[in-house]
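Take a look at the structure set out below.
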Amino acid sequence: MTRRRRIYEGKAKVLFEGPEPGTLVQYFKDDATAFNNQKKGTITGKGVLNNRISEYLMVKLGEIGVPTHFVRRLNMREQLVREVEIIPLEVVVRNIVAGSLAKRFGIPEGTQLPRSIIEYYYKSDELGDPMVSEEHITAFGWATPQDIDEMLSLALRINDFLLGLFLGVGLKLVDFKLEFGRLYENDEMRIVLADEISPDNCRLWDVKTNEKLDKDRFRRDLGNVEEAYQEVARRLGIFPEGGPRDMKGPSTMQ
Ligand code: TMP
């Protein structure tokens, strides 16, 4: 049996060497963590659903001209992606007050923001992903002012598009987190959307009831966690054909 080289293991995904140079295989696990790894658990079928949901959203974003690392889905839990140099920032876009923003300023969750807000966090588990300003980003050399402009304009385009897409299936896109990478091609560098877009890194509330259909169900012990991920996939029209039985995926990873 050929064993693939494991390049990186994160909390929810594993990256393996891809079949061609410049590619990686992104494997989606069922593992879930919250509060910087203090809370750990498993959401059965999450990997399969997030693989599908992220594929669906990245393909749609690609169609409107947003460059992404996504190449194609390979199987239930894996997708082929372009190898990029990850910019060590979490770019958070917020439309409605929730989570850490609600806590930081004492504003009730659910308050509509007058305009979308973008925040940057430095990706560092040891430091607990501290919030940073553009000054920190440029002074510490994590990204140039041009990179920041590019990420900001991509994040706003992504937000506009996803707001409409989710509204069309009865979901409010409250907030979400993006990661970007640098793709080097023929002596040129392009910033592309990387990582994943899924209920792990979006807040999605039902339009009518405000029911939470995202990872907050796990973070806050709200129950029906698996069902929430399934519901998002179902509304997007991409629930695995065979139903939940299809979601176990391979039990062993090569
Ligand atoms: P926050 O309100 O906890 O700052 O989260 C904002 C958004 O970012 C929310 O949609 C969840 C997502 N997020 C991640 O994807 N990873 C993280 O580590 C954190 C803290 C938030």
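Residue 103 in this note's numbering sits at position 44 of the sequence shown, with consecutive numbering throughout.
Backbone N, C-alpha and C define an ideal beta-carbon position, used for all residues, glycine too.
Model, not experiment: these values are computed from the prediction.
Judged by their CB atoms, residue 276 and residue 93 are not nearer to each other than the 8 Å cut-off. Residue 74 has its CB no nearer than 7 Å to any heavy atom of the ligand TMP.
Taking C-beta separations shorter than 7 Å and ignoring five residues to either side along the sequence, the partners of residue 168 in its chain run 156, 157, 161, following chain order. Between the beta-carbon of residue 201 and that of residue 231 there is about 31 Å, and that puts the pair past the 8 Å contact cut. If one requires a minimum length of 3 residues, the beta strand (DSSP E) runs lying completely within the stretch 82-154 are 82-87, 90-93, 98-101, 129-132, 137-141, in chain order. Contact annotation: residue 251 and residue 240 have beta-carbon atoms nearer than 8 Å. Exclusion of residue 231 from the 7 Å shell around the ligand TMP follows from its C-beta lying no nearer than that to any non-hydrogen atom of the ligand. As a beta-bridge residue in DSSP terms, residue 180 pairs with 149, 190. Buried is the label assigned to residue 260, since at least 16 other Cβ atoms lie within 10 Å of its Cβ.
Residue 267: not part of any beta strand (DSSP E); DSSP gives it neither H nor E. No heavy atom of the ligand TMP is found nearer than 7 Å to the CB of residue 107.
Going by DSSP, residue 294 is part of the alpha helix (DSSP H) stretching over 284-295. Residue 216: not part of any beta strand (DSSP E); member of the alpha helix (DSSP H) spanning 204-226, first to last residue. Burial is judged here by how many other beta carbons sit within 10 angstroms of a residue's own beta carbon; residue 171 has fewer than 16 and is exposed.
Scanning its chain for C-beta atoms nearer than 7 Å, with the 5 sequence neighbours on each side dropped, one finds around residue 145 the residues 238, 240, 253, in chain order. Residue burial annotation: residue 268 is exposed, with fewer than 16 other C-beta atoms found within 10 angstroms of its C-beta. Inclusion of residue 159 in the 7 Å shell around the ligand TMP follows from its C-beta lying nearer than that to a non-hydrogen atom of the ligand.
Counting along the chain, no beta strand (DSSP E) covers residue 200, and no H or E run does either.
Looking at 136, 236, 245, the one whose alpha-carbon comes closest to that of residue 256 is 236. With the rule of 3 Cβ pairs closer than 8 Å, the stretch 113-128 counts as touching the stretch 208-226. Between the alpha carbons of residue 188 and residue 150 lies a distance of about 11 Å.
Counting only residues of its own chain and dropping the five nearest sequence neighbours on each side, residue 266 has a CB closer than 8 Å to the CB of 226, 229, 230, 231.
DSSP places residue 158 inside the alpha helix (DSSP H), whose first and last residues are 158-164. If you check the C-beta of residue 90 against the ligand TMP, you find no heavy atom less than 7 Å away. Per DSSP, residue 239 is one residue of the beta strand (DSSP E) stretching across 230-244. With contacts defined as CB atoms closer than 8 Å, residue 176 and residue 295 fail to qualify as a contacting pair. In the structure shown, residue 62 adopts coil according to DSSP, grouped into three states.
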